[in-house]
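For reference, the structure discussed in these notes is given below.
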Amino acid sequence: MAIIQYSTAFNALEGYVNQHNASTKDLSSHIRQAMILTTQEIIKIYSIYLLKANSIAAIDLQNLPPLKTNNVQLAKRAKASTRTIQRHLKRLIDANIITKKIWHGSNSGYELFINPNILLIGGVKAVNKPQKELQSEKLKPTDNQFFKNLRTTTCPHTDTSNNGYINNIIIGVDKLKTKASSLPLTNGYELRNATSNTFTGYTGKIDPPKKKMMQGK
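The working numbering applies: residue 115 is where the sequence shown begins, and numbers increase by one.
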């Protein structure tokens, strides 16, 4: 979720500029439309910056960090020259739209602090779980994951010891239905099951050997 709502911030900016221009008699101190467009681009860049910063660590919305930028970046976004950006920033600072500017040298750019009354993000919550917190959760022991992955079946437990035997019976019956003239798959002897299978009636008992017939003396 965006931390800065563009429509809300832009409406607040417009209201602030109207009030500023109405209360300022010096026309040279008025905020012009081109300066408003520059401010809108600054807000867009700042919104992206906050999202990236908040994805690493939760930011304090009551103590927002400054925007690190430079004249070249703002000039490209606002489609203006760097000298125009410098003039716009000076006017925005005088109007307190930019509350503070910290310059770090020509090669390092500067930091801009934007008036929070224009951003209006005090009531917006930061990302619930920033990236660092999510990474730390992944590193936690996963002892409970084994139990979470277990799933019990709703089917009753069955004995599969005679599945091969039963399947042979089913296949044999199906073939008998389609081909009445075909022979059964197995004979009675092959269907014997030493585990006392109730389908054949075979109990596993061995018949006693037959006595040899006595030859005549």
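Idealized CB from N, CA, C, for every residue including glycine.
Here Thr213 carries a strand assignment [DSSP, helix/strand/coil].
Under the three-state reduction of DSSP, Lys139 is assigned to coil, being neither helix nor strand.
Exclusion of the five residues before and after Lys182 leaves Gly223, Glu225 as the residues of its chain whose Cβ lies within less than 7 Å of its Cβ. Where Lys193 is concerned, there is no enclosing alpha helix (DSSP H), because DSSP gives it neither an H nor an E.
Inter-segment contact for the stretch 137 to 153 and the stretch 191 to 201 is present: three or more beta-carbon pairs are separated by less than 8 Å. Straight across, the Cα-Cα distance linking Arg201 with Ser161 is about 23 Å. For Ile228, the enclosing beta strand (DSSP E) stretches over residues 224 to 228. Here the alpha carbons of Gln187 and Thr196 stand approximately 9 Å from one another.
Taking C-alpha positions only, Leu165 is separated from Thr138 by approximately 35 Å. About 6 Å separates the CB atoms of Asp208 and Ser143; that is less than 8 Å, so the two are in contact. Runs of alpha helix (DSSP H) with 4 or more residues, each lying fully within the stretch 135 to 189, are found at 147 to 170, listed in chain order.
One Cα belongs to Ile157, the other to Asn135, and the distance between them is close to 20 Å.
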